[in-house]
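Enquirer:
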Amino acid sequence: MSGPLYDVVIVGGGPAGCATAIALHQLGITKVVVVEGSDYSRVRIGESIPPDTRGLFSRLGLWQAFAEQNHQRCLGSYSSWGSDNLGFNDFLFNPRGHGWHLDRLSFDRFLADEVMSRGMDFLSGARFHQLNRNRKKGVINIAFTEGKPGKKQQLNCRFVVDASGRSASVARCFGARFKTQDNLVCVAGFFHRQELETDLALQHMTLLEAVEHGWWYSAHLPGDRIIAAFASDGDIILQQRLKQPENWHRALAQTRHLSTALSPAKLPLRLHTWTAPSALLNPPAGEAWLAVGDAASCYDPISSQGIYKALLGGLNAAPAIAGWLKGDSRPLEHYRQSVGEAFIHYLEQRAYFYQLEQRWPQAAFWQKRRIACGLYQGEAATAVT
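FYI, the numbering for the sequence shown is 4 to 388, going by the numbering used here.
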């Protein structure tokens with residue numbers, strides 16, 4: 004097999020992949036390369052992270068460097084969930100202080116720079132192509148394509164990490180498949196803050212509002228932008244033609260709180276759509292490989308745990324990989340169990356949260372979640388055994 008030999012190749016240079024690399028470096032494993040398919044130029048939608056994320060930054064040795072990035076503070080959230088009234092949840096008494104609204108493009112680049120500053124190799128613009136395994140030699144050969152001409156490059160490693168996100172492209176080569184419990188579709192538009200006459204404290208708060216056919220979410224982003232996103236089932240989005248700006252605008256205007264907070268900003272002419280599944284990879288780890296971040300499990304965006312889960316996953320993955328490299332497979336099995344157990348715990352929390360909303364008992368969106376949430380935990384448990 005041609006190409007250099009690493010202890011670990013990490014496919015995916017997002018928060019999960021970079022956190023895994025940094026955590027490995029802390030354990031003295033430095034023959035690591037992170038391979039990212041993009042060049043970090045594509046704008047990504049921001050995300051709010053909770054105050055407890057500070058503890059993860061500290062464990063990764065990143066807290067001071069992250070604080071110097073000056074991401075916008077998130078002081079808490081407003082929500083209309085289970086009631087027409089707007090409730091308020093702040094971080095005032097959280098011992099770790101406030102959360103943050105991330106500039107995702109800046110944040111991802113920051114993590115990539117931290118990986119490289121530790122002397123580990125980092126390849127960007129290299130897309131995963133295929134994988135071959137030589138069990139006799141204990142080596143995995145991974146092929147990538149670079150640039151538009153599709154130039155091939157090969158790397159060899161003893162262990163491979165799938166941090167490729169929901170595609171789980173590496174894990175699929177080992178026969179792993181997602182078991183999907185739910186699949187929301189989100190349709191979002193962007194507003195400009197300077198156009199607003201009223202604020203509703205949105206500059207440092209998130210806003211969540213349940214409606215008959217799903218729920219709305221809004222938060223401030225860098226560059227004086229505000230995102231407003233509607234989450235529902237794909238068939239509802241299709242039936243109500245909510246990917247069309249005029250229909251999306253009409254649905255937004257019918258909200259009690261969000262429409263007031265965003266008035267009289269100019270309505271966006273372009274919408275962005277993405278899927279948001281609740282899914283667990285089965286299995287999330289195996290011989291000489293594991294998945295981390297969204298490649299291992301995907302959470303409903305209502306949980307606001309995407310970045311937190313990615314960083315924590317990297318911290319948990321590193322000792323499992325270190326154990327494997329030393330000939331001990333037990334930490335890898337523990338990691339596999341922990342991913343499944345965390346997913347079951349997430350489903351329990353999600354079920355509790357969705358069941359708090361009882362205002363539309365006949366609405367298909369809410370009926371589906373009341374029925375399904377009671378079944379998910381038992382089904383998900385099969386993926387951890």
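Heads up, the beta-carbon is just placed ideally off N, CA and C, and yes, glycines get one too.
For Asp10 and Asp42, what's the separation of their Cα atoms in angstroms?
Expert: Here residue 10 refers to the residue found at position 7 of the sequence shown. Here residue 42 refers to the residue found at position 39 of the sequence shown. So the alpha carbons of these two residues sit roughly 24 Å apart.
Enquirer: Should Asn88 be labelled buried (16 or more other beta-carbon atoms within 10 Å of its own) or exposed?
Expert: Walking along the sequence shown from the start, residue 88 turns up at place 85. When all chains shown are included, Asn88 counts as exposed.
Enquirer: In the DSSP assignment, what residue or residues form a beta bridge with Leu187?
Expert: Taking the first residue of the sequence shown as 1, we reach residue 187 at position 184. Asp236, Ala279, per the DSSP bridge assignment.
Enquirer: Nearest by alpha-carbon distance to Thr56: which of Ile310, Val142, Lys329, Ser332 is it?
Expert: Residue mapping note: residue 56 aligns to position 53 of the sequence shown, counting from 1. Checked all of Ile310, Val142, Lys329, Ser332; the closest Cα to Thr56 is Ile310.
Enquirer: According to DSSP, is Arg138 part of a helix, a strand, or is it coil?
Expert: Stepping through the sequence shown from its first residue, residue 138 is reached at position 135. The answer is coil: DSSP assigns Arg138 none of H, G, I, E or B.
Enquirer: Where does the unbroken alpha helix (DSSP H) through Asn88 begin, and where does it stop?
Expert: Against the sequence shown, residue 88 aligns to sequence position 85. From DSSP, Asn88 is part of no alpha helix (DSSP H); its letter is neither H nor E.
Enquirer: Glu290 by DSSP, collapsed to three states: which one?
Expert: The residue you call residue 290 lines up with position 287 of the sequence shown. Looking at Glu290 - three-state DSSP - the assignment turns out to be coil, as it is neither helix nor strand.
Enquirer: Starting from the C-beta of Phe113, find all residues in its chain whose C-beta is less than 8 Å away, skip the five residues before and the five after it, and write them out in chain order.
Expert: Position 110 of the sequence shown holds residue 113. So the qualifying residues of the chain are Ala68, Phe69, Gln72.
Enquirer: Bridge partners of Ile52, per DSSP?
Expert: Translated into positions along the sequence shown, residue 52 becomes position 49. In DSSP, Ile52 forms a bridge with Trp103.
Enquirer: Can the beta-carbon of Ala325 be found less than 7 Å from the beta-carbon of Leu30?
Expert: Position 322 of the sequence shown holds residue 325. Position 27 of the sequence shown holds residue 30. Cβ distance < 7 Å, so Ala325 and Leu30 count as in contact.
Enquirer: Looking only at C-alpha atoms, which of Phe60, Thr33, Pro7 sits nearest to Phe18?
Expert: Locating residue 18 in the sequence shown gives position 15, counting from the first residue. As written in the sequence, residue 18 is Pro, which differs from the Phe given in the question. Nearest option by C-alpha distance: Phe60.
Enquirer: Classify Ala234: buried if its beta carbon has 16 or more other beta carbons within 10 angstroms, exposed otherwise.
Expert: Working through the sequence shown from its first residue, we reach residue 234 at position 231. Looking at its Cβ environment, which holds 16 or more other Cβ atoms inside 10 Å, Ala234 is buried.
Enquirer: Checking the sheet assignment: what are the DSSP bridge partners for Asp165?
Expert: Within the sequence shown, the letter at position 162 stands for residue 165. Its beta-bridge partners are Val14, Ala294.
Enquirer: Out of curiosity, what's the CA-to-CA distance linking Val214 and Gly128?
Expert: Translated into the one-based positions of the sequence shown, residue 214 becomes position 211. Translated into the one-based positions of the sequence shown, residue 128 becomes position 125. If you take the alpha carbons of Val214 and Gly128, they lie about 41 Å apart.
Enquirer: Identify the continuous alpha helix (DSSP H) that holds Trp251 and give its terminal residues.
Expert: Along the sequence shown, one-based indexing puts residue 251 at 248. 248-256 is the span of the alpha helix (DSSP H), which, as asked, contains Trp251.
Enquirer: Is it right to say Thr23 is buried, meaning 16 or more other beta carbons lie within 10 angstroms of its own, or is it exposed?
Expert: Taking the sequence shown and counting its residues from 1, one reaches residue 23 at position 20. It is buried - the Cβ of Thr23 has at least 16 other Cβ atoms within 10 Å.
Enquirer: Would you decide whether Thr209 is buried or exposed? Buried here means 16 or more other CB atoms lie within 10 Å of its CB.
Expert: Here residue 209 refers to the residue found at position 206 when the sequence shown is read from its first residue. Label assigned to Thr209: buried.
Enquirer: Cβ of Ala232 within 7 Å of Cβ of Cys189?
Expert: If you number the sequence shown from 1, residue 232 lands on position 229. If you number the sequence shown from 1, residue 189 lands on position 186. Going by C-beta atoms, Ala232 is nearer than 7 Å to Cys189.
Enquirer: Within this structure, are the beta carbons of Leu284 and Phe181 separated by less than 7 Å?
Expert: Sequence index remark: in the sequence shown, residue 284 carries index 281 (1-based). Sequence index remark: in the sequence shown, residue 181 carries index 178 (1-based). Cβ atoms of Leu284 and Phe181: closer than 7 Å.
Enquirer: Using CA atoms only, rank isn't needed, just tell me which of Leu241, Arg228, Gly168, Gln358 is closest to His104.
Expert: Working through the sequence shown from its first residue, we reach residue 104 at position 101. The shortest Cα separation from His104 among Leu241, Arg228, Gly168, Gln358 belongs to Arg228.
Enquirer: Can you look up Gly58 in the DSSP assignment and give me helix, strand or coil?
Expert: Indexing the sequence shown from 1 puts residue 58 at position 55. Helix at Gly58.
Enquirer: For the pair the region 249-268 and the region 155-162, tell me if three or more CB-CB distances fall below 8 Å.
Expert: In short, these stretches do not touch, since the Cβ pair count stays below three.
Enquirer: Does the region 287-296 come close enough to the region 240-252 that 3 or more CB-CB pairs lie under 8 Å?
Expert: Judged by Cβ distances under 8 Å, the region 240-252 makes no contact with the region 287-296, as fewer than three pairs qualify.
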